[in-house]
Amino acid sequence: MKKQTIPYAQTGYFSQTVLHYLANEPQLQHFYRHPFSLDAFEKVVQVATRQNYPRTELVAALHRHYNGFSLLPAVSANLEALEQPNTFAVVTGHQPCLFTGPLYFIYKIVSAINLARQLNTAYPQRHFVPVYWMGADDHDFEEINHVHLFGKTLAWQQPKRTATGRLHTHTVAPVIEELKTLAGNTENSQYLLQLFTQAYLQHDTLAQATRYIVNEWFGQYGLVVVNQDDAQLKQLFAPIAHAELFEAKSYNLVQETNKQLSGFGYVNQAYARPVNLFYLTDDFRERIVRNNLGNGFDVLNTQLHFSDAQIENELKQHPERFSPNVILRPVYQQLVLPSVAYIGGGGELAYWLQLQSVFELYGVNYPMLVLRNSVLWIDSPVWNKMKQLSLQPHALFTTPDALVNAYVAKNSGHVLNFAQPKQQIEQIFDHILQQAVAIDPTLQASVLAETAKMKSSFEVLEAKILRAEKRKFEISVQQIRNIMGRLFPNGTLQERYDNVIAYYLQYGDLFIDTLLKTLDPMEKQFTILYSGA
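Reading the sequence shown from the start, the letters are residues 1 to 533 in this note's numbering.
Here it is in structure tokens:
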């Protein structure tokens, strides 16, 4: 595969918040601690060493997590290294999803592995471990229960609605059977079906199944998987949960930060609540709220009520039942892990920018924020068709209609640029308006109405001319639309819609190997990988 890159701003898919963060814009610098730069990691590490990390408890938890799993040498070495004070984590996070979910899940993990590699080369006196923090507490089942493959949606039906990581996976069997009918009978398909059968039908929960898959693909690179839904790790988080219940300071801090960000024109990604915790059992995950009297707590959509003393005791006896929401999950993660970098998508980085004051409140280290790699993968048939049509990759980041119009205008034997005559007509009507108003000001409305009619008629005529010309390019136009449908399925980025299955079926291990060889998370560029001359 060959590689091109373009600025994220040219794609049209990234928010102003993220683009300004990448550019280190002055008005945004107040909301994060470290600039997004490889050179800044020396200071990042220095700051990180000031926090006392529960390394012994973390490694003990990880050995429990890996009990019953193949502990590859690279993972085993990194587990032991995490106990040492000169070892730090490069972290990415995501909830466990059916068949790993959207393609960007793979890109997140590859970004973490590659950044850890870079840091180990740049700072040989330290050791950096890639970590996948599994958000097994999340409960949005509809977000994680399906994948898109070859124009079909494979969906997992599951009656329970609790933390997705706790869901039993024997009910994935019908989805695997459906996958068999789509995957064909090749060496790659047989491998995938065996992998998924082992993962989902030989393990009890989605968290275990996801660990198995991720370990099979990335364990050889030393990737460590941490399940946040762990009683002992949550015991470490219990003091923060207690402060959240009885002091509720994070709410006001985030509100103030959101106000400041909004003042600069940024859109807030997340919103705090007075209590940023869920109550979690094997049957549900529901919000904890202060009751109306202010002397206890209710669990929404249940009959559960706690007095202040009761919830204190519940937290002490069962910390695993208290699940942080989007505001506190990053704090919990950074409390547990000696992390110097968090790798996330644009939306994630946007809400991390809202949280620095919460980190400071609880004395938890705030890492460097790193935008994960984004990739447009173009296979040989599509690339060859693009070459025939003289389409460049950077030109694809528009709407299908706009790309078609640009192609027709470029290849037509006629001048199809109507901007100049449109401007001339507007100038004529501006002149008429000035004369009319000078004679009788009441004529202004009539002239403006006629101007609007003329503009509308002109646009209709322009569209008719374009349609007539497009008919001459009917085959090429359809090919362009097919290309856009392949590369931007459902009108969005490929990585947000597609699943890894289609790519593994076609390329096998070469797909992941290519990503590991080509992606650079510090490049600050959108990556285009294509197969062809």
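For glycine and all other residues, C-beta sits at the position ideal for the given N, C-alpha and C. Remember, predicted model here, so these are calculated numbers, not experimental data.
Checklist entry - DSSP puts Arg287 in a beta bridge; with which residues? => result Arg287 is bridged to Phe278.
Item to check | For Lys152, the three-state DSSP class (helix, strand or coil) | outcome: DSSP places Lys152 in strand when its eight states are reduced to three.
Next on the checklist: On a Cα-Cα basis, can you pick out the residue from Leu510, His20, Asp401, Met454 that is closest to Ser476?
Outcome noted: The candidate whose alpha carbon is nearest that of Ser476 is Asp401.
Checklist entry - Where do the ends of the alpha helix (DSSP H) carrying Thr5 lie? => result Bounds of any alpha helix (DSSP H) do not take in Thr5; it lies within the beta strand (DSSP E) bounded by 2-7.
Checklist entry - With distances taken from CA atoms, which of Glu495, Thr399, Lys455 is nearest Asn482? => result Thr399
Next on the checklist: Quick check: what's the CA-CA separation for Gln235 versus Glu42?
Outcome noted: 31 Å
Checklist entry - Which whole-angstrom value is the C-beta distance of Tyr279 and Gln16, which I expect to be below 8 Å? => result Actually they do not touch by this definition, with Cβ atoms about 36 Å apart.
Checklist entry - So what's Leu82 in DSSP terms, helix, strand or just coil? => result coil
Checklist entry - Using the rule of at least 16 other Cβ atoms within 10 Å of the residue's Cβ for burial, across every protein chain shown, is Val172 buried or exposed? => result Result: buried.
Item to check | Cβ contact check for the stretch 86-95 and the stretch 132-151: 3 or more pairs under 8 Å | outcome: A contact exists between the stretch 86-95 and the stretch 132-151.
Next on the checklist: I need the boundaries of the alpha helix (DSSP H) containing His132, first residue and last residue.
Outcome noted: According to the sequence as given, residue 132 is Tyr; it is not His. Premise fails: Tyr132 lies in the beta strand (DSSP E), 127-134, not in any alpha helix (DSSP H).
Checklist entry - Cβ of Tyr539 within 8 Å of Cβ of Leu349? => result With the chain covering only 1 through 533, there is no way to say anything about residue 539.
Item to check | Other residues of its chain near Trp156: CB distance less than 6 Å, five sequence neighbours each side excluded | outcome: The residues are Leu98, Asn145, Val172, Val175.
Checklist entry - Okay, do the stretch 285-301 and the stretch 47-63 touch, 3+ Cβ pairs below 8 Å being the bar? => result no
Checklist entry - On the three-state DSSP scale, how would you describe His94? => result strand
Next on the checklist: DSSP has Asp138 in a bridge; who is on the other side?
Outcome noted: Asp138 is not bridged by DSSP to any residue.
Checklist entry - Considering Gly296, what are the terminal residues of the beta strand (DSSP E) in which it resides? => result 296-299
Next on the checklist: Considering only the alpha carbon of each residue, which of Tyr507, Asp520, Thr527 lies closest to Ser189?
Outcome noted: Nearest to Ser189 by C-alpha distance, out of Tyr507, Asp520, Thr527, is Tyr507.
Checklist entry - Whole-angstrom Cβ separation of Ala209 and Ala199, contact assumed at under 8 Å? => result 4 Å
Checklist entry - So, helix, strand or coil for Phe265, using DSSP? => result In the sequence on display, residue 265 carries Gly and not Phe. DSSP places Gly265 outside both helix and strand once states are collapsed to three, so it counts as coil.
Next on the checklist: Could you compute how far the alpha carbon of Val147 sits from the alpha carbon of Leu487?
Outcome noted: 16 Å
Next on the checklist: By the DSSP assignment, the beta strand (DSSP E) with Leu371 in it spans what residues?
Outcome noted: 368-371
Checklist entry - Roughly how many angstroms lie between the CA atoms of Asn215 and Ser456, to the nearest whole one? => result 60 Å
Next on the checklist: For Gly346, report the span of its alpha helix (DSSP H) as first-last.
Outcome noted: 346-352
Item to check | Endpoints, alpha helix (DSSP H) assigned at Thr100 | outcome: First-last for Thr100: undefined, no H or E at that position.
Checklist entry - Looking at the unbroken alpha helix (DSSP H) that takes in Thr17, where does it start and where does it end? => result 16-22
Checklist entry - Once you ignore the five residues that flank Leu328 on each side, which residues in its own chain have a CB closer than 6 Å to its CB? => result So the qualifying residues of the chain are Asn276.
Next on the checklist: The alpha helix (DSSP H) that contains Gln235, what's its start and end?
Outcome noted: 231-246
Next on the checklist: Taking its Cβ as the centre, do 16 or more other Cβ atoms sit within 10 Å of Glu142, making it buried, or is it exposed?
Outcome noted: Under this definition Glu142 is an exposed residue.
Checklist entry - How is Thr56 classed by DSSP in three states: helix, strand or coil? => result helix
Next on the checklist: Which complete alpha helix (DSSP H) runs does the stretch 421-465 hold, if anything under 4 residues is left out?
Outcome noted: none
Checklist entry - In this structure, what does DSSP give as the bridge partners for Phe526? => result Ile6
Checklist entry - The alpha helix (DSSP H) spanning Leu547 covers which residue range? => result Given that the chain is displayed from residue 1 to residue 533, the structure contains no residue 547 and the question cannot be resolved.
Item to check | Nearest residue (CA-CA) to Met386, options Leu369, Asn490, Met484 | outcome: Met484
Checklist entry - For the stretch 109-117 against the stretch 157-169, are there 3 or more C-beta pairs whose distance is under 8 Å? => result no
Item to check | Pairwise C-alpha distance: Leu529 and Val326 | outcome: 33 Å
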